[in-house]
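The letter at position 59 of the sequence shown is residue 185 when you use the working numbering, and the numbering goes up by one with no holes.
Ideal Cβ positions, reconstructed from N, Cα and C, are used throughout, including at glycine.
None of the values given here were measured: they were computed from a predicted structure.
What follows is a set of notes on a single structure, which appears directly below.
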Amino acid sequence: MTISSHTANDARFLGPGEGEAIWFLRNRMTVKATEASTGGGFGLLESLIAPGFSPPLHVHHREDESFYVLEGELTMKCGDRIFRATAGSFVFLPRNVPHTFVVEGDKPARMLTLLTPGGGEGVFIDGGRPAEAEGLPPATPPDIEALKRVSARYEAEIIGPPMAPSHAAAVA
């Protein structure tokens, strides 16, 4: 019997909790698909994100980024638009438009992150580290300069600060 290597034409299956677990900033991300595993089509990550966390305002120049919120509540900013996303919400953020989000309330958010075409998931993989335990990583200050360097490798830019949680959103 010959064992063949995987190609982009092979079917893939990952069960619940399977995939490479990465700690990236205040997120635990599980890599479900990459540019390499989808023939360039997309990258897909399942993310558990700490309450109050917000990535710096950033822009992807190569990929569109979409989110499907599984649990939690987020305030999202895309260009000049600000909106709330709760469980069941789908958000499409086009490339070349600055965006960020913040997890509202006192519970983590869980969502799927889809990057199309694939490749941008490398920011999280290269910018993170293997998860050392279950759950969220410990709170540490982000290394913004390192984040800028890894983002540049994937044609993304950090262009502003994170969002602060909204008092109104946390109360509502």
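Secondary structure of E283, DSSP reduced to three states | strand
Taking the alpha-carbon positions, what's the F227 to K203 distance?
-> 6 Å
Which of the three DSSP states, helix, strand or coil, is assigned to V249?
-> helix
Given I160, which residues of its chain have a CB within under 7 Å of its CB, disregarding the five upstream and five downstream residues?
-> Sequence check: residue 160 is Thr here, not Ile. Correct list, in chain order: G169, G244, E247.
From what residue to what residue does the beta strand (DSSP E) around S173 run?
-> 169-175
Check whether T201 and R210 have beta carbons under 8 Å apart | yes
Measure the Cβ-Cβ separation of I270 and V157 and say whether it is below 8 Å.
-> no
Counting Cβ pairs closer than 8 Å, one from the stretch 170-181 and one from the stretch 227-239, do we hit at least three?
-> yes
Taking D190 as part of the beta strand (DSSP E), name the residues at either end of that continuous run.
-> 190-197
Helix, strand or coil for S131, going by three-state DSSP, please let me know.
-> Any answer about S131 is weak, because its pLDDT of 46 lies below 50 and its placement is not dependable; what the coordinates show is given next. Three-state DSSP puts S131 in coil, outside helix and strand.
Buried or exposed by the 16-neighbour rule on C-beta atoms within 10 Å, applied to T266 | exposed
Cβ neighbour criterion (16 or more within 10 Å) applied to I284 = buried
What are the boundary residues of the beta strand (DSSP E) that includes L140?
-> Counting along the chain, L140 falls outside any beta strand (DSSP E), and DSSP gives it neither H nor E.
Taking only the alpha-carbon atoms, compute the straight-line gap between A298 and H184 and give it to the nearest angstrom.
-> Its pLDDT being 34, under 50, A298 is placed unreliably in this model, and the value from its coordinates should be taken loosely. Cα-Cα distance, rounded: 27 Å.
Would the beta-carbon of I208 be found less than 7 Å away from any heavy atom of the ligand ADP?
-> Within the structure as shown, the ligand ADP is missing, as the structure has no ligands at all.
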